[in-house]
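Protein chains in written order, with my numbering: chain F, 23 to 498; chain P, 67 to 246.
Structure representation (structure tokens):
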């Protein structure tokens, strides 16, 4: 009797030989364009850091988006006119929130911007946002029209800080408001490897640091101010968390499985306990100072859970669902939110069931806003599809922070700072993507568009890439 | 500017596309679906950061991506449930095959998508149970069960046999471990 494996191999060879009329040349050309686009888009995604790189809903191409009411966005106070050669004349004494009084310049690949007034960087305060625009036209993806560091005031006025080489990729990772340098990663031309570097915002000088090369991702800072980096190749699901104190060598802190969430204070990280896991009933807590690691059962009977994020320094918000269900996002899985107090030797506490039509909160998506409140981009329970908006969870309630705008955004990446929620939104989950735009939604209820998409021109009717990285200025 | 991945993609597409489509036809019902699947797998493979030393190495990644994307598709679109319903409703008279390849494709089509994926990875890609589980986001127990059931059905349909199980089959609750 014939062996199954032999029959399979013979059948495969027969089928291959029968496929003589495939349009191989055209396929290669089409694939080439798509891959170039994806790689460029991926670079933009990565500006969001580790969480962005493990975006849970994926770059999918399906189904509809559940639309909420968009939060109101306040347009920046800058009014642009097509005067590319105008010379801005900023006021001599900029205020902390707004300095522009001149006509903004229209530069290909940038939203309307002003030249940077002398001394403005030094006067910035937390809430100003530093960004890079690296704009490429669609669909040809090139050449790079501009690669520029742009500063946004809290009102959305934009200032050109410094131009960067267009054949490199510089991504902002951290910036302390009031200072003239920023932590960045730099990809050299033709390379996918990124190096840690410091960018001088006054001269554009990039000082590379060869302590970290390759597949390392900036995570944030510990309570002591040390930098945290995750060494995890893109094709792997386990990696090593590294700590850098000042000029010292990177020190391993512990193993990370899939992803991690660092508590608001920078003392602990939560991750999965074992390689190969993506959900679980237990999680590992890693002490970022001494490297101690403990695995704790969350005690949610009959369910599997993933981590949303930290509610405060002592509690983690979990999304748990029926352990026998295939997917975490279906109503059949009876999903819900649990609060896991890491200081108590008690099971996680059920907070609320989540039903069809409410937000589906993916793993590792939560950003701490203030104690008890977490922000995240979310899909919709029982709707397989893309992101429906950016939300917060707190006081037992989901609140829509930002929904799809006129461009039908379906990817939402929030970050938080000092109680405000900054959301980068763009279309790109279904179909091909467009550049992102960042809007701040403040705790006082006001919003402002801080980093718009580059405007279309006769020369470039659509941009494939634009905003490539951004950081909110922190305090000292 | 010519980047490292570009000539590799061109070479893989030029030299190996028919073989990849043939593999995909073991999983999906039409040549058009198979081409879509292969192109998705090529784009995702070459869009990632991974680098390949040779077209053969790249082809191996793409072959695995074909299967994992097929399972993703079925999971996400509810195809599996529909396929199970179709199998349940099937009158038991398969179409008469005219070649070895269509005979195998027809027999595979009678399996559930996950059984199909597991059998292809285990018996064509020669991946271990652990590797298969990892590639498809399934538990190892689930992979063993899918392979056991799938191979039994194929042997019955094709009149073939398989060597003694390379891995003991332990029937456990079928369970996915990968999130949505």
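Just so it is clear, CB atoms sit at the ideal spot from N, CA and C, and this is done for glycine as well.
Residue i (DSSP reduced to helix, strand or coil)
i: residue 84/P; result: helix
i: residue 386/F; result: coil
i: residue 492/F; result: strand
i: residue 416/F; result: strand
i: residue 206/P; result: helix
i: residue 145/F; result: helix
i: residue 94/F; result: Note that residue 94/F scores 29 on pLDDT, short of 50, meaning its location in the model is unreliable; the coordinates nonetheless yield the value given after this. Three-state result, residue 94/F: coil.
i: residue 79/P; result: helix
i: residue 43/F; result: coil
i: residue 122/P; result: helix
i: residue 393/F; result: coil
i: residue 480/F; result: coil
i: residue 71/P; result: helix
i: residue 191/F; result: strand
i: residue 266/F; result: strand
i: residue 245/F; result: coil
i: residue 487/F; result: strand
i: residue 126/F; result: strand
i: residue 324/F; result: coil
i: residue 51/F; result: helix
i: residue 133/P; result: helix
i: residue 297/F; result: coil
i: residue 92/P; result: coil
Between the CA atoms of residue j and residue i - distance to the nearest angstrom
i: residue 198/P; j: residue 33/F; result: 22 Å
i: residue 107/P; j: residue 208/F; result: 29 Å
i: residue 268/F; j: residue 248/F; result: 7 Å
i: residue 497/F; j: residue 356/F; result: 42 Å
i: residue 173/F; j: residue 150/F; result: 7 Å
i: residue 227/P; j: residue 103/P; result: 29 Å
i: residue 97/P; j: residue 90/P; result: 8 Å
i: residue 111/P; j: residue 139/F; result: 46 Å
i: residue 482/F; j: residue 182/F; result: 21 Å
i: residue 49/F; j: residue 186/P; result: 25 Å
i: residue 165/F; j: residue 190/F; result: 12 Å
i: residue 100/P; j: residue 46/F; result: 14 Å
i: residue 132/P; j: residue 205/P; result: 19 Å
i: residue 221/F; j: residue 228/F; result: 5 Å
i: residue 165/P; j: residue 408/F; result: 42 Å
i: residue 393/F; j: residue 405/F; result: 30 Å
i: residue 40/F; j: residue 129/P; result: 19 Å
i: residue 167/P; j: residue 37/F; result: 6 Å
i: residue 211/P; j: residue 296/F; result: 23 Å
i: residue 434/F; j: residue 444/F; result: 10 Å
i: residue 234/F; j: residue 219/F; result: 9 Å
Enclosing beta strand (DSSP E) for residue i [first to last residue]
i: residue 408/F; result: From DSSP, residue 408/F is part of no beta strand (DSSP E); its letter is neither H nor E.
i: residue 277/F; result: 273 to 279
i: residue 253/F; result: 249 to 253
i: residue 151/F; result: 151 to 159
i: residue 344/F; result: 337 to 344
i: residue 359/F; result: 358 to 363
i: residue 373/F; result: 371 to 375
9 Å Cβ cut-off: residues of chain P touching residue i
i: residue 24/F; result: 224, 225, 226 and 227
i: residue 6/F; result: Shown here, chain F extends from 23 to 498; a query on residue 6/F therefore has no answer.
DSSP beta-bridge partners of residue i
i: residue 448/F; result: 433/F
i: residue 218/F; result: 207/F and 231/F
i: residue 461/F; result: 445/F and 471/F
i: residue 307/F; result: 292/F and 316/F
i: residue 381/F; result: 402/F
i: residue 174/F; result: 151/F and 180/F
i: residue 284/F; result: 291/F
i: residue 36/F; result: In the DSSP output, where bridge partners are listed per residue, residue 36/F has none listed.
i: residue 197/P; result: Its beta-bridge partners do not exist; DSSP assigns none.
i: residue 497/F; result: Answer is none; residue 497/F lacks a bridge partner.
Under 9 Å by beta carbon: chain F residues contacting residue i
i: residue 191/P; result: By Cβ distance, chain F contributes nothing, its closest Cβ being about 11 Å from residue 191/P, past 9 Å.
i: residue 165/P; result: 33, 36, 37 and 40
i: residue 213/P; result: Going along chain F, no residue has its Cβ under 9 Å from residue 213/P, so there is no contact; the nearest lies around 11 Å.
i: residue 105/P; result: 49, 52, 53 and 56
Cutoff 8 Å: residue i Cβ touching any chain B Cβ
i: residue 44/F; result: Note that chain B does not occur in the displayed structure, where the protein chains are F and P.
Endpoints, alpha helix (DSSP H) assigned at residue i
i: residue 97/P; result: 97 to 113
i: residue 182/P; result: 179 to 189
i: residue 173/P; result: 166 to 175
Partner residues on chain F for residue i, Cβ-Cβ distance less than 7 Å
i: residue 85/P; result: 38
i: residue 112/P; result: 57
i: residue 133/P; result: What residue 133/P touches in chain F: nothing, since even the nearest Cβ is about 14 Å away.
Proximal residues of chain P, C-beta to C-beta of residue i below 7 Å
i: residue 30/F; result: 170, 189 and 190
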